[in-house]
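Just add 161 to the spot in the sequence shown (first one is 1) and you have the numbering used here.
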Amino acid sequence: MADLAEYHRKRDFAKTAEPAGKVGKGAGNRFIVQKHDATRLHYDFRLEADGVLKSWAVTRGPSLNPEDRRLAVRTEDHPLSYADFEGTIPAKEYGGGTVMLWDSGIWAPVEGKSAKDIDKGHLHFTLDGKRMRGEWLLVRMKGKPGEARENWLLRKIDDKEAGGSDDLVARELTSVKTGRTMAEIAADKAGETPLAGKKGKAFDQAMAEADGHTKRKVKRVRSARPPAFHAPQLATLVDHVPAGNQWLHEIKFDGYRAMIAAAGSTVTIYTRSGLDWTDKFSEIADRIAALDLPPALIDGEIVKLDGDGNPNFSALQKAIKSEGSAGGLTLFAFDLLSADGEDLTARPNIERKERLAALLPPDDPVIRVSDHVIGAGEKLFDAMCKAGQEGIISKKADAPYRGTRTNAWLKVKCTRRQEFVIIGWSASSAKSRRFRSLLLGQVRDGKLVYAGKVGTGFDGDTIDMLADLFAVRAQDSPAALVPRPEARGAHWIKPDLVAEIAFAEYTADDVLRHASFIALRSDKKAEDVLREVPKPVEAAESAFRITHRDRVIFPESKATKGDLADYYQKIGPLMLPWAAGRPLSLVRCPQGRARQCFFQKHDAGTFGEHVAHIPIVEKDGHKEDYIYVRTVEGLLACVQMGTIEFHGWGARIEDVEKPDRMIFDLDPDIDLDFADVRKAAHDIRAALSDIGLISFAMLSGGKGIHVVVPLTPDADWDAVKDFARRFSLALAQAEPERFVATMSKAKRKGRIFLDWLRNQRGATAVMPYGVRAREQAPVAAPVTWDELDGFDKASAFTIADAGRLIERAGSKALRGWGVAAQHLPDV
162 MADLAEYHRK
172 RDFAKTAEPA
182 GKVGKGAGNR
192 FIVQKHDATR
202 LHYDFRLEAD
212 GVLKSWAVTR
222 GPSLNPEDRR
232 LAVRTEDHPL
242 SYADFEGTIP
252 AKEYGGGTVM
262 LWDSGIWAPV
272 EGKSAKDIDK
282 GHLHFTLDGK
292 RMRGEWLLVR
302 MKGKPGEARE
312 NWLLRKIDDK
322 EAGGSDDLVA
332 RELTSVKTGR
342 TMAEIAADKA
352 GETPLAGKKG
362 KAFDQAMAEA
372 DGHTKRKVKR
382 VRSARPPAFH
392 APQLATLVDH
402 VPAGNQWLHE
412 IKFDGYRAMI
422 AAAGSTVTIY
432 TRSGLDWTDK
442 FSEIADRIAA
452 LDLPPALIDG
462 EIVKLDGDGN
472 PNFSALQKAI
482 KSEGSAGGLT
492 LFAFDLLSAD
502 GEDLTARPNI
512 ERKERLAALL
522 PPDDPVIRVS
532 DHVIGAGEKL
542 FDAMCKAGQE
552 GIISKKADAP
562 YRGTRTNAWL
572 KVKCTRRQEF
582 VIIGWSASSA
592 KSRRFRSLLL
602 GQVRDGKLVY
612 AGKVGTGFDG
622 DTIDMLADLF
632 AVRAQDSPAA
642 LVPRPEARGA
652 HWIKPDLVAE
662 IAFAEYTADD
672 VLRHASFIAL
682 RSDKKAEDVL
692 REVPKPVEAA
702 ESAFRITHRD
712 RVIFPESKAT
722 KGDLADYYQK
732 IGPLMLPWAA
742 GRPLSLVRCP
752 QGRARQCFFQ
762 KHDAGTFGEH
772 VAHIPIVEKD
782 GHKEDYIYVR
792 TVEGLLACVQ
802 MGTIEFHGWG
812 ARIEDVEKPD
822 RMIFDLDPDI
832 DLDFADVRKA
842 AHDIRAALSD
852 IGLISFAMLS
862 GGKGIHVVVP
872 LTPDADWDAV
882 KDFARRFSLA
892 LAQAEPERFV
902 ATMSKAKRKG
912 RIFLDWLRNQ
922 RGATAVMPYG
932 VRAREQAPVA
942 APVTWDELDG
952 FDKASAFTIA
962 DAGRLIERAG
972 SKALRGWGVA
982 AQHLPDV
């Protein structure tokens with residue numbers, strides 16, 4: 162007999178808008194899924210049976226992939242009227258948070274089955290909903306003695322409605338009832354407008370308000386606090402592309418620079434000078450608001466793409482002017498200055514990009530992450546020039562973000578384009594043309610000087626727009642000294658309009674030759690228009706000299722100290738997001754890996770200026786200086802001192818007491834096949850997924866696999882260590898023939914040791930892309946879960962594969978590897 166006593170006991174209906182309800186009559190067959198942002202985001206799956214809604218909380222939401230088994234925790238029965246609930250439960254009430262009606266439809270047991278199978282713990286059924294369709298399976302897991310909660314698994318049956326990916330919940334972000342996002346529902350604090358009992362005008366008004374939910378733009382929530390504006394980093398113009406793998410190269414987009422401050426549904430879009438242009442780019446702002454991001458400050462470029470997918474600045478300007486709020490635009494995001502309250506400006510550039518890629522959706526056609534290549538800048542530059550694009554931006558991979566113009570960001574242009582101040586115009590002899598040419602100026606040595614004329618590149622609309630602007634800016638004399646021939650018959654204006662001009666070169670008199678008008682730049686100030694002179698790119702030199710480059714470090718492959726240094730020079734930008742700013746222990750083998758090797762974690766100052774140290778209190782209460790690096794030069798300084806391996810703490814120097822990752826090191830018995838290790842890694846991933854944790858795989862370069870779990874650094878060492886210990890022991894107890902969670906060598910025979918001890922204070926693990934002091938110079942390599950089964954050993958990559966590793970790291974599949982905003986679960 163269905164009973165709602167537990168449902169009623171948990172709720173105060175004087176405070177929550179949830180329906181009280183009662184047990185219904187008849188045999189209905191509705192099903193609903195409600196997205197519920199409570200203590201932890203989950204999806205409430207409900208089936209109508211016995212006059213109530215039988216309910217399960219699905220941790221990660223349903224998946225169309227039959228291989229995915231999603232944990233579904235049985236919860237109390239809900240009244241049938243709950244199937245229409247969408248709104249916000251007060252924060253201090255049971256289940257406090259936002260509720261969205263995410264899916265609805267009808268369900269039925271498959272032939273020969275019935276709803277009574279729920280009591281048997283095995284329900285095979287079909288769904289006909291807006292998002293979930295086809296055959297599904299709910300299976301109750303065997304409970305442990307004394308366990309209060311009832312754990313089930315929800316799985317899609319492999320039929321025509323199944324899919325190979327698990328992106329259903331990531332793809333479907335709106336209510337099936339009102340079309341609202343979670344942010345919009347949360348912004349509507351009063352919840353839905355009830356219709357029961359309303360008549361006449363009151364009914365019409367309520368219907369209009371309900372209909373408005375599907376039409377309104379995203380509301381800005383005043384309580385949300387996005388980050389403040391930050392001055393953008395600017396690039397220095399150079400004459401050719403810098404060489405070396407310390408540089409990452411991006412397309413230089415022809416659009417408006419944008420600094421986006423976001424927090425949930427509150428979004429502000431600033432220009433490079435700090436002007437608020439949110440209204441001009443409201444479509445972009447609404448798109449970002451719908452993502453419901455944590456507080457974040459994103460740097461990027463807003464462009465208008467033409468039919469060939471190329472940025473068109475003129476089309477961008479017309480889009481803004483024609484509608485007031487431009488549509489059909491695209492944001493290419495390329496940097497992340499802060500996220501969830503954490504200032505990232507001191508972090509290496511490549512790490513910020515990884516965090517950015519993890520923050521934003523991977524396949525959004527409007528909000529995109531700008532791709533980059535490491536090395537190979539000349540190839541990208543040539544491709545951009547052949548495609549008629551502006552050029553590229555080259556950025557030092559290990560550089561912090563600075564709100565000024567620096568040599569860490571360089572721009573290389575296919576054609577010469579700069580900004581100039583319009584100081585006047587000359588009349589046209591053609592009646593249909595309101596001016597013939599523009600007279601330009603530029604600030605040089607602190608003074609506005611004449612820079613030449615431009616008479617091409619205008620269409621009729623541009624001429625009319627400029628002429629109207631000139632009419633209200635007329636003045637009697639020029640703002641700069643203009644040669645008499647050019648000044649004859651000219652009309653002068655106030656020098657506050659900035660134009661972007663393409664030109665072939667400067668003449669001997671420092672005026673433009675073969676100039677063409679590109680666009681008016683209302684996002685830039687006249688006083689900031691300085692002449693840019695391309696600087697020669699300095700040859701990349703090592704900050705110090707690697708000595709004894711011919712010394713053989715790996716006798717099996719004859720790889721030398723020079724080979725090792727070259728590998729770290731190339732791969733360093735990829736390694737820094739994980740190794741930089743983290744206490745390190747080094748494996749030093751000064752005479753090669755076959756001779757004496759030793760660990761070193763303290764620095765007495767012998768490593769030089771590129772290696773830093775931080776005092777850390779050890780177990781005995783004394784402070785010791787621990788090594789850390791910030792740059793590729795720091796890595797190379799360690800290599801110069803005989804370092805092969807870099808092992809890092811699970812926390813960063815900003816707060817060494819709060820780990821930002823958890824690692825399960827799968828160390829197999831020597832007689833086990835690597836296929837056993839791969840399967841174990843997949844099983845651990847699934848177990849972590851069931852409790853809401855995202856994990857990543859890394860070939861250790863030794864015998865095993867590391868399962869890496871990123872964490873928001875808010876739990877202390879004891880909590881992380883205890884979780885890792887309990888998780889590993891539970892696996893070992895569940896499958897003692899496969900796993901062991903103790904260090905005893907005798908107990909490891911034929912098993913895999915789940916090394917959770919790497920998650921205690923002071924313990925370390927090898928860094929991604931770090932070399933191992935083993936035969937053939939293998940390296941620890943990040944891999945995707947999909948490709949893991951294609952490897953037959955943990956040492957599949959060596960220092961000879963630097964180019965291949967760099968190419969892999971730039972692939973879409975590995976973008977965002979090792980990055981996830983998640984907290985240690987309370988289980």
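For each residue, glycine too, the CB sits at the ideal point set by N, CA and C.
Everything numeric in this text was worked out from a predicted model, so none of it was measured.
| Do Lys196 and Met343 have their C-beta atoms within less than 8 Å of each other? | As a position in the sequence shown, residue 196 is number 35, starting the count at 1. As a position in the sequence shown, residue 343 is number 182, starting the count at 1. Yes, the pair counts as a contact, with Cβ atoms nearer than the cut-off.
| query | What is the rounded straight-line gap between the Cα of Leu854 and the Cα of His391? | reply | By 1-based counting over the sequence shown, the position of residue 854 is 693. By 1-based counting over the sequence shown, the position of residue 391 is 230. Distance between the alpha carbons of Leu854 and His391 is about 33 Å.
| query | Which residues in the same chain have their Cβ closer than 7 Å to the Cβ of Ala628, if we skip the five residues on either side of it in sequence? | reply | Counting from 1 along the sequence shown, the entry for residue 628 is found at position 467. Cβ within range, chain order: Arg595 and Phe596.
| message | Let me make sure I understand the geometry here. Which of Lys253, Asp320, Ile412 and Asp229 has the alpha-carbon closest to that of Asp328? | response | Taking the sequence shown and counting its residues from 1, one reaches residue 328 at position 167. Here the closest residue by C-alpha is Asp229.
| query | What do you get for Phe192, buried or exposed, if any count of 16 or more other CB atoms within 10 angstroms of its CB means buried? | reply | Indexing the sequence shown from 1 puts residue 192 at position 31. Per the 10 Å Cβ criterion, buried.
| task | Out of Ser426, Phe581, Phe619 and His763, state which residue places its alpha-carbon closest to the alpha-carbon of Asp657. | result | In the sequence shown, the residue the question calls residue 657 occupies position 496. It is Phe581.
| query | Taking all protein chains shown into account, do 16 or more other C-beta atoms lie within 10 angstroms of the C-beta of Met904, making it buried, or fewer, making it exposed? | reply | To locate residue 904, count along the sequence shown from 1; it is residue 743. Looking at its Cβ environment, which holds fewer than 16 other Cβ atoms inside 10 Å, Met904 is exposed.
| Short Cβ contact (8 Å threshold) for Ile913 with Arg899 | Taking the first residue of the sequence shown as 1, we reach residue 913 at position 752. Taking the first residue of the sequence shown as 1, we reach residue 899 at position 738. Yes; because the gap between Cβ atoms is below 8 Å, this pair is in contact.
| message | Using only the alpha-carbon positions, how far apart do Glu411 and Arg976 sit? | response | Position 250 of the sequence shown, counted from the start, is the residue given in the question as residue 411. Position 815 of the sequence shown, counted from the start, is the residue given in the question as residue 976. Whole-angstrom Cα-Cα distance: 15 Å.
| said: I'd like the span of the alpha helix (DSSP H) that includes Leu490, first residue to last. | reply: By one-based count along the sequence shown, residue 490 stands at place 329. Neither: Leu490 is in no alpha helix (DSSP H) and is coded neither H nor E.
| message | Just to confirm before moving on: does the CB-CB distance between Gly552 and Val573 stay below 8 Å? | response | Working through the sequence shown from its first residue, we reach residue 552 at position 391. Working through the sequence shown from its first residue, we reach residue 573 at position 412. Yes. Within cutoff.
| Can Arg682 and Ile654 be called in contact, C-beta distance under 8 Å? | Residue 682 sits at position 521 when you count from the first residue of the sequence shown. Residue 654 sits at position 493 when you count from the first residue of the sequence shown. No. Outside cutoff.
| Are the region 729-736 and the region 925-939 in contact at 8 Å, needing three or more beta carbon pairs? | yes
| Rounded to the nearest angstrom, how far is the Cβ of Ile528 from that of Arg448, given a contact under 8 Å? | Counting from one through the sequence shown, the residue named residue 528 turns up at place 367. Counting from one through the sequence shown, the residue named residue 448 turns up at place 287. Correct: roughly 6 Å between the Cβ atoms.
| Near Glu968, which residues of its chain fall below 8 Å by C-beta distance, leaving aside the five closest residues on each side in sequence? | Counted from its first residue, the sequence shown places residue 968 at position 807. Taken in chain order, the list of residues that qualify is empty.
| request: Confirm, please, whether the CB-CB distance from Ala957 to Ala942 is below 8 Å. | output: As a working note, residue 942 is residue 781 in the sequence shown. As a working note, residue 957 is residue 796 in the sequence shown. Going by C-beta atoms, Ala942 is nearer than 8 Å to Ala957.
| Unbroken beta strand (DSSP E) run spanning Met859, endpoints | By one-based count along the sequence shown, residue 859 stands at place 698. First-last of the beta strand (DSSP E) with Met859: Phe857 to Leu860.
| said: Here's the rule: buried if 16 or more other CB atoms are within 10 angstroms of the residue's CB, otherwise exposed. What is Gly602? | reply: By 1-based counting over the sequence shown, the position of residue 602 is 441. Flag for Gly602 reads buried.
| Residues near Ala446 in its chain [Cβ-Cβ closer than 6 Å; skip 5 each side] | Translated into the one-based positions of the sequence shown, residue 446 becomes position 285. Taken in chain order, the residues that qualify are Val428, Ile430 and Thr439.
| Taking the C-alpha atoms as reference points, what is the distance between Asp724 and Phe715? | Locating residue 724 in the sequence shown gives position 563, counting from the first residue. Locating residue 715 in the sequence shown gives position 554, counting from the first residue. Between Asp724 and Phe715, the C-alpha separation is close to 10 Å.
| request: Return the bridge partner residues of Ser499 from the DSSP annotation. | output: Here residue 499 refers to the residue found at position 338 of the sequence shown. For Ser499, which the question treats as bridged, DSSP gives the partners Leu458 and Asp504.
| task | Report, in whole angstroms, the separation of the C-beta atoms of Trp810 and Val817, which I expect to be a contact under 8 Å. | result | Here residue 810 refers to the residue found at position 649 when the sequence shown is read from its first residue. Here residue 817 refers to the residue found at position 656 when the sequence shown is read from its first residue. Confirmed, about 7 Å.
| message | If the criterion is Cβ atoms closer than 8 Å, does the pair His808 and Thr925 meet it? | response | The residue given as residue 808 occupies position 647 in the sequence shown. The residue given as residue 925 occupies position 764 in the sequence shown. Their beta carbons are under 8 Å apart, which means His808 touches Thr925 by this criterion.
| said: Using 8 Å as the threshold, is the C-beta distance between Arg207 and His239 below it? | reply: Within the sequence shown, residue 207 is the residue found at index 46, counting from 1. Within the sequence shown, residue 239 is the residue found at index 78, counting from 1. Yes, these two residues count as a Cβ contact at 8 Å.
| task | Tell me whether Ala423 sits in a helix, a strand or coil according to DSSP, three-state version. | result | Here residue 423 is taken as the residue at index 262 of the sequence shown, counted from 1. DSSP places Ala423 in strand when its eight states are reduced to three.
| said: Can you check which of these residues, Leu314, Leu541, Lys338 and Gly189, is closest to Pro270 by C-alpha distance? | reply: Position 109 of the sequence shown, counted from the start, is the residue given in the question as residue 270. The residue with the shortest Cα to Cα distance from Pro270 is Gly189.
| message | Assess contact between the region 247-266 and the region 172-186, defined as three or more Cβ pairs (one per stretch) separated by less than 8 Å. Is contact present? | response | yes
| What are the partner residues of Asp134, as DSSP defines its beta bridges? | Residue numbering for the chain in the displayed model covers 162 to 988; residue 134 lies beyond these limits and cannot be assessed.
| field | Extent of the continuous alpha helix (DSSP H) run through Asp947 | value | Reading the sequence shown from its first residue, position 786 is the one you call residue 947. From DSSP, the alpha helix (DSSP H) with Asp947 extends over Trp946 to Leu949.
| request: Could you tell me whether the Cβ atoms of Glu247 and Met261 are closer together than 8 Å? | output: For the purposes of this step, residue 247 is taken as the residue at position 86 of the sequence shown. For the purposes of this step, residue 261 is taken as the residue at position 100 of the sequence shown. Yes; because the gap between Cβ atoms is below 8 Å, this pair is in contact.
| Going straight from the alpha carbon of Ile831 to that of Gln752, what length do you get? | On the sequence shown, position 670 is the one that residue 831 refers to. On the sequence shown, position 591 is the one that residue 752 refers to. Near 28 Å, if we compare the C-alpha coordinates of Gln752 and Ile831.
| Spatial distance of Asp205 from Ser216 (CA atoms) | Translated into the one-based positions of the sequence shown, residue 205 becomes position 44. Translated into the one-based positions of the sequence shown, residue 216 becomes position 55. Looking at the two C-alpha atoms, the distance is approximately 7 Å.
| query | Looking at Leu165 and Lys119, is the spacing between their C-beta atoms short of 8 Å? | reply | Since the first residue of the chain shown is 162 and the last is 988, residue 119 is not available in this structure.
| For Leu599, is the classification buried or exposed, using 16 other Cβ atoms within 10 angstroms of its Cβ as the cut-off for buried? | Start at 1 with the first residue of the sequence shown, and residue 599 comes out as number 438. Per the 10 Å Cβ criterion, buried.
| Same chain only: Cβ atoms within 8 Å of Asp437, ignoring 5 sequence neighbours per side | For the purposes of this step, residue 437 is taken as the residue at position 276 of the sequence shown. If we look at Asp437 and ignore the five residues flanking it on each side, its Cβ neighbours are Thr429, Ile430 and Tyr431.
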